[in-house]
Each structure stands twice: as C-alpha cells, then as structure tokens.
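Residue numbers (our numbering): 40 to 278. Below: the structure, in structure tokens.
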C-alpha cells in the first residue's frame, strides 16, 4: 500500500514537471513569436508616369487708353472682336471663349493721378479674355502666336506675378489611372522589401500596415505633358 502511494506521488510529480516544461515551452514560443512580430521594416514604393494634359486655361489681357470715353468703348469692342476672330482661326469655338468685363479707370477722378493728366490719356481700360478648352494643342498654338495680335495694334498685357493670369495646363482624369498606379507603387514597395530581406538574411512575413500618399501632378518642361506620381508606404513584418 505504501509503495503504491509513493508511486502515485512520483507519477503526479512527473506530470507536474512535464506540464511545467510544456507550459514553459509554449510561453517561450509565444514570447518569441511576439518578439518576431516586433521586427518590422518600412519601405516605400514609387509609381511615376508622364502623361499628356487634357485641360488648358489661358488668358489674353490687353490695355487701351484714350481721352474720350466713347472712343475707349469702341476700341474695346474692336479689340475684343479681333482677339475672338484670332482665337477661332486657331480651331476654337465661342463656348471656349469668355470675355471679361472691362476695368475702366478715369484719371481725372483719381486724386493720385490728376497731376500727370496732361501727359497721359484720361481713360484707361484693361480687358481679359479667357480660353478654357480640352483642345490643348490649339490653345498652346494660340499662346505662342500672340505676336499676331501685336501686329494688329493690340497692346497685350502679361503680368508673370499675377497668379490669376497664369496659364494652366493639367490632367483631369486622375481617377482613370489611380488603380494602376497604386498597384505599381505597392509592387515596387514589395520589391524593395524582398531586396532588404535578401541582403539581411531574413524573410518577409506579411504586412503590418500600409498607407498611400497623395497623388501629385507636376509640370514638366513641356507644357503639354505633366508628371503624375504617388508613393505607397508599407510596414512589413520580417522574421
């Protein structure tokens, strides 16, 4: 009876010991797995494309000055007619042309300019004609051919520092190329991660997190082309 009791204690002790060993091993594996999951690399994948623009917005501005208001208004009408005819001759239509309201200044009623009235015109006007079109090549031709308007006696005005008068050429169908570019940026990020794992004798073990940067539309030296770029940032687990 005493021997049987001792044997039971021995078996119980072995079971407890074995349980402690297995439990310790499981805890070790769990901690190791947790530690391995803390090993993360961050890589970025770039997708970049040069693409033709599909939208153009330019402005043609001019000034005119006279000493007679009616003469000024007639000159504005004549200049507007000349400019619209010039634009249409390049392949555009009326619905792509917007004639702005003339800005007219009367120097006689301007206290800051009255002293020089005898040396200059009394009335001055500036007019801006806007062109918005998807016929980007024709619009570019108009922009480059404005010397023809100078030869017709129109005094063109160009202020490089006026943001409102700057020419705009851009790409508007961004949504049509987003999926392809995102896929490419993720692929390039994975390539970078694989190269890292190869160089460090490790192994990629899934994605921890990922984020996509904003799409950028960047002008190029050619106004009729823009560069589209996006960067995806991905955190990979490594083991």
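We put the CB at the ideal spot given by N, CA and C, even for glycine.
Neighbour-count burial assignment, residue i, 16 or more Cβ in a 10 Å radius
i	result
residue 131	buried
residue 146	buried
residue 164	buried
residue 108	exposed
residue 265	buried
residue 232	buried
Local conformation of residue i per DSSP, three classes
i	result
residue 147	helix
residue 213	helix
residue 161	coil
residue 261	coil
residue 226	helix
residue 140	coil
residue 59	Low confidence applies here, because residue 59 scores a pLDDT of 45, under 50, leaving its location unreliable and the question unanswered by this model.
residue 207	strand
Start and end residues, beta strand (DSSP E) containing residue i
i	result
residue 255	255-258
residue 251	243-251
residue 190	No beta strand (DSSP E) holds residue 190; the alpha helix (DSSP H) holding it covers 186-190.
residue 176	Per DSSP, residue 176 belongs to no beta strand (DSSP E); it is in the alpha helix (DSSP H), 175-183.
residue 197	It is not in any beta strand (DSSP E) - residue 197 carries neither H nor E in the DSSP assignment.
For residue i, the first and last residue of its enclosing alpha helix (DSSP H)
i	result
residue 112	108-128
Beta-carbon proximity list for residue i, same chain, < 8 Å, skipping 5 on both sides
i	result
residue 188	99, 101, 121, 122, 125, 195
residue 226	84
residue 167	98, 99, 100, 139, 204
Cut-off 7 Å between Cβ atoms - residues of its own chain near residue i, not counting five sequence neighbours on either side
i	result
residue 276	76, 78, 79, 244, 245, 247
residue 256	209, 210, 265, 267
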